[in-house]
Amino acid sequence: MLRKSLTFILLTILFSAQKPREIGIKDLFKDSFHIGVAVNAQQVSGKEPKALAVLAEHFNSLSPENGLKWEKVHPKPEEYDFEFGDAYVALGEKMKAFTIGHCLVWHQQTPNWVFEDESGKMLNKEDLISKMEDHIAVVAGRYKGKIDGWDVVNEAFNEDGSFRESKWYNVAGKDFIKAAFRKAHEVDPNAELYYNDYNVWKASKRKGILELAKEMKSEGIRVDAIGMQGHYMLGSPTLEEIEQGIIEIAEAGFKVVITELDVDVLPRPNNAQGADLNINFANSPEYNPFVNGISAEAEAKLAQRYADLFQLFHKHKDKISRVTLWGLHDGRSWLNNFPVRGRTNYPLLFDRDLKLKEGIFEKLREVAED
Numbered sequence: 001m002l003r004k005s006l007t008f009i010l011l012t013i014l015f016s017a018q019k020p021r022e023i024g025i026k027d028l029f030k031d032s033f034h035i036g037v038a039v040n041a042q043q044v045s046g047k048e049p050k051a052l053a054v055l056a057e058h059f060n061s062l063s064p065e066n067g068l069k070w071e072k073v074h075p076k077p078e079e080y081d082f083e084f085g086d087a088y089v090a091l092g093e094k095m096k097a098f099t100i101g102h103c104l105v106w107h108q109q110t111p112n113w114v115f116e117d118e119s120g121k122m123l124n125k126e127d128l129i130s131k132m133e134d135h136i137a138v139v140a141g142r143y144k145g146k147i148d149g150w151d152v153v154n155e156a157f158n159e160d161g162s163f164r165e166s167k168w169y170n171v172a173g174k175d176f177i178k179a180a181f182r183k184a185h186e187v188d189p190n191a192e193l194y195y196n197d198y199n200v201w202k203a204s205k206r207k208g209i210l211e212l213a214k215e216m217k218s219e220g221i222r223v224d225a226i227g228m229q230g231h232y233m234l235g236s237p238t239l240e241e242i243e244q245g246i247i248e249i250a251e252a253g254f255k256v257v258i259t260e261l262d263v264d265v266l267p268r269p270n271n272a273q274g275a276d277l278n279i280n281f282a283n284s285p286e287y288n289p290f291v292n293g294i295s296a297e298a299e300a301k302l303a304q305r306y307a308d309l310f311q312l313f314h315k316h317k318d319k320i321s322r323v324t325l326w327g328l329h330d331g332r333s334w335l336n337n338f339p340v341r342g343r344t345n346y347p348l349l350f351d352r353d354l355k356l357k358e359g360i361f362e363k364l365r366e367v368a369e370d
């Protein structure tokens, strides 16, 4: 209780110390959808104080980058760590933000002990699902009524629409997904529930996702929206491919949320698409051309790409409830280390000094006013 009180005091001081601009990004799209951003431990704790004013000025939805993933919040069988989660929820309350929980079940950043018994032997289906449900009950239960929506299951499909053969799937089949959604709804009936994945713009992958989502819906399992991770590049995927995904998800009876938006401005190896953290390549000048600053040409292309994307999202505002950037500023972006480690990337709306990229902002203003 003392820690929470101190957090509120710190946030109040930091928020009130900054003079906001006339209008923020969230204000541009206030009649269209929430504008969200993923935040990290430094930002929610106030250790990156300039960030708090930017968050309050430009965003009305929050997502946690890593702090609520299993390995962070539940590192050992009988041990939970809610330091990040409590500070994160306090920040959301201070901002009056639409606050997201990310994520309850994922094949990565989940400790091996989750899948094993005390002797290290792989659990059976019943015991694994029971352990998963206990985790959901504790984590989602702690933030019942405070977290507005959960990414319940993350990245459970392959690119061809088949199920990813993770430890979850190998033990429990697709039933682990159904059980996770059932339990999340049981624990917090008022929270929105999402299935979240990357490359949902691909027809083959989307087909598998929607088949399962419709199957769950037919069985009375609540699924509110499909999260389309927006990990895009300057030239791909096409707007037509993204739009087709938005339309098909809506026609299947689900809301669309753009969950992890960023734009990689750097060249990639040909076989590096999406957001699979198992992919990694060695650094080289070929893949890291802007160490000393982004070129004017690439900066202009980035601004136009964001304008085109937001124009598409704005066009389908009746289907999209939220657009969330995956990181607050370039210096904190995961794309500095994916798919090539140690790069200098420029994929977000704010630069490394937490200054809004005015070229992007002006184009977004044009989109909103059109």
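In UniProt numbering, the protein residues as written are 1 to 370. Where a beta carbon is used, it is the ideal one built from N, C-alpha and C, also for glycine. Computed from a predicted structure; not experimentally measured.
Neighbour-count burial assignment, residue i, 16 or more Cβ in a 10 Å radius
i, result
"lysine 363", "buried"
"alanine 296", "exposed"
"glycine 149", "buried"
"asparagine 190", "exposed"
"methionine 1", "In this prediction, methionine 1 scores a pLDDT of 48, lower than 50, which makes its location untrustworthy; the coordinate-derived value is nonetheless stated afterwards. Exposed, because fewer than 16 other Cβ atoms sit within 10 Å of the Cβ of methionine 1."
"lysine 26", "buried"
"asparagine 199", "buried"
"arginine 182", "buried"
"glycine 173", "exposed"
"threonine 99", "buried"
"glutamate 219", "exposed"
"asparagine 154", "buried"
"asparagine 292", "exposed"
"glycine 253", "exposed"
"asparagine 196", "buried"
"arginine 352", "exposed"
"isoleucine 360", "buried"
"methionine 228", "buried"
"glutamate 240", "exposed"
Reduced DSSP category for residue i - H, G, I as helix; E, B as strand; rest coil
i, result
"arginine 352", "coil"
"glycine 203", "According to the sequence displayed, residue 203 carries alanine and not glycine. In this structure, alanine 203 counts as helix in the three-state DSSP scheme."
"aspartate 134", "helix"
"glutamate 366", "helix"
"valine 152", "strand"
"valine 139", "helix"
"valine 37", "strand"
"glutamate 211", "helix"
"lysine 217", "helix"
"tyrosine 346", "coil"
"valine 114", "helix"
"tyrosine 232", "strand"
"phenylalanine 163", "strand"
"methionine 1", "Confidence at methionine 1 is low in this model, with a pLDDT of 48, below 50, so the placement of that residue should be treated as unreliable; the coordinate-derived value is given next. The answer is coil: DSSP assigns methionine 1 none of H, G, I, E or B."
"valine 171", "helix"
First and last residue of the uninterrupted beta strand (DSSP E) at residue i
i, result
"alanine 322", "The question names alanine, but residue 322 in the sequence shown is arginine. 320-325 is the extent of the beta strand (DSSP E) around arginine 322."
"isoleucine 258", "255-264"
"proline 64", "61-64"
"asparagine 196", "192-198"
"glycine 101", "98-106"
"methionine 95", "Run containing methionine 95: none in the beta strand (DSSP E); it sits in the alpha helix (DSSP H), 83-95."
"glycine 227", "225-229"
Selected residue, minimal CA-CA separation from residue i, among the options
i, options, result
"aspartate 134", "Val187, Ile249, Trp106", "Val187"
"alanine 184", "Gly120, Asp117, Gly101", "Gly101"
"proline 77", "Glu286, Glu118, Ser166, Lys94", "Glu118"
"valine 152", "Phe163, Tyr194, Ser166", "Tyr194"
"histidine 58", "Leu312, Glu22, Pro111", "Glu22"
"alanine 56", "Glu159, Met132, Lys144, Gly92", "Gly92"
"proline 289", "Met95, Tyr306, Arg268", "Arg268"
"valine 89", "Phe176, Val44, Pro75, Lys121", "Val44"
"aspartate 175", "Asp160, Asn158, Glu215", "Glu215"
"lysine 146", "Ala252, Ala203, Gly120, Lys94", "Lys94"
"glycine 245", "Asp264, Ala225, Gly327, Met233", "Ala225"
"glutamate 369", "Phe115, Phe310, Tyr232", "Phe310"
"tyrosine 232", "Leu335, Val367, Val138", "Leu335"
"glycine 249", "Trp326, Ala156, Lys207, Ala140", "For clarity, residue 249 is isoleucine in the given sequence; the question names glycine instead. Minimum Cα distance to isoleucine 249 is reached at Lys207."
"isoleucine 209", "Gly120, Arg365, Ile177", "Ile177"
Host alpha helix (DSSP H) of residue i (start-end)
i, result
"alanine 41", "41-44"
"leucine 309", "296-315"
"histidine 185", "175-187"
"glutamate 240", "239-251"
"isoleucine 25", "25-28"
"histidine 58", "49-58"
"residue 408", "Any property of residue 408 remains undetermined from this structure, which presents the chain solely from 1 to 370."
"residue 408", "Residue 408 cannot be examined here, being either before or after the span of the chain that is shown, 1 to 370."
Interface flag, residue i vs chain D, CB-CB below 7 Å
i, result
"aspartate 370", "You won't find chain D in this structure, because it holds only one protein chain."
Note to self: Quick test of the definition: if touching needs 3 or more C-beta pairs under 8 Å, does the segment 83-97 touch the segment 126-136?
What the structure shows: no
- Does the pairing of the segment 67-76 with the segment 340-351 give three or more beta-carbon distances under 8 Å? no
Check your understanding: Can at least three beta-carbon pairs, one atom from the segment 240-257 and one from the segment 294-308, be found at a separation below 8 Å?
Key -> no
Looking at C-beta atoms only, is the number of pairs between the segment 37-51 and the segment 104-111 that lie closer than 8 Å three or more?
-> no
Next on the checklist: Is it the case that the segment 57-66 contacts the segment 32-40, given that we only count it when at least three CB pairs across the two stretches are under 8 Å?
Outcome noted: yes
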